[in-house]
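So for the sequence shown, our numbering puts the first residue at -19; every next one is plus one.
For glycine and all other residues, C-beta sits at the position ideal for the given N, C-alpha and C.
The structure presented is a predicted model; accordingly, all values stated were derived computationally and were not measured.
What follows is one structure encoded as structure tokens, with my remarks underneath.
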Amino acid sequence: MADKAFIHESSYVDEGCTIGDGTKIWHFCHVQKGAVIGENCSLGQNVNIGNNVHIGSGVRIQNNVSVYEGVEIENNVFCGPSCVFTNVTTPRAHFPVHGVYAKTLIKEGASLGANSTVVCGHTVGRSALIAAGAVVTKDVPDYALMAGVPARRIGWVCECGKRLGDSLCCDCGRKYELNGEQLHKVQ
């Protein structure tokens, strides 16, 4: 574990975890065995990181989020308060899966709004923005703006987070082009 990480005294970090320099783990968190958390991350109050979960650098996980085994979070992802991940497609209390989890990938720069849910087995694309309360039930393309239950694409967003208009050019100077149902940054 990194000597330069902050871990609040009320939190538990199991043996066998890797915590990157500059990471802050706040009140009442639990980081379970085998978890790897990158540099300069922030875990808000009451965050649970499951066994063997991999989290990149620069990730912000707000209060009351559980990241279960089978979920991977790349760099610079934002997980809003109380967002939800699942890891079993058809859970049954009397038929446990014993470590067989559906894989979920949250790609670099994506943002998950407060109380949003990502159903396991799906990928949320690079710099995608999931609205508060949305329920992701299928793969999300890069730069997609998703809202609703189930979540559907209602637009596109720039890497900087601003909603893109019809020109697919952002005020920040970035430009995109649409190829079928996929948006790609061109500048």
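Alpha-carbon spacing of asparagine 31 relative to tyrosine 48, whole angstroms | 7 Å
Are there 16 or more other CB atoms within 10 angstroms of the CB of asparagine 67, so buried, or fewer, so exposed?
-> buried
Who are asparagine 11's beta bridge partners in DSSP?
-> In the sequence under discussion, the amino acid at residue 11 is valine, which differs from the asparagine named in the question. Answer is Val(-7), Ile29, bridged to valine 11.
With DSSP run on the structure shown, which of helix, strand or coil describes phenylalanine 58?
-> strand
Ends of the beta strand (DSSP E) at histidine 164?
-> 162 to 165
Glycine 38 to aspartate 1 span [Cα, whole Å] = 11 Å
Distance, lysine 4 Cα to tyrosine -8 Cα = 13 Å
Quick one: grab the DSSP three-state call for phenylalanine -14.
-> strand
Range of the contiguous beta strand (DSSP E) that encloses tyrosine 81 = Taken as a continuous stretch (DSSP letters only), tyrosine 81 belongs to no beta strand (DSSP E), as it is neither H nor E.
Whole alpha helix (DSSP H) elements within the region 68 to 146, 4-residue minimum | none
Three-state class that DSSP yields for leucine 148 in the structure shown | coil
Provide the residue span of the beta strand (DSSP E) that contains asparagine 159, from first to last.
-> 156 to 159
Output the boundary residues of the beta strand (DSSP E) element that contains valine 51.
-> 51 to 53
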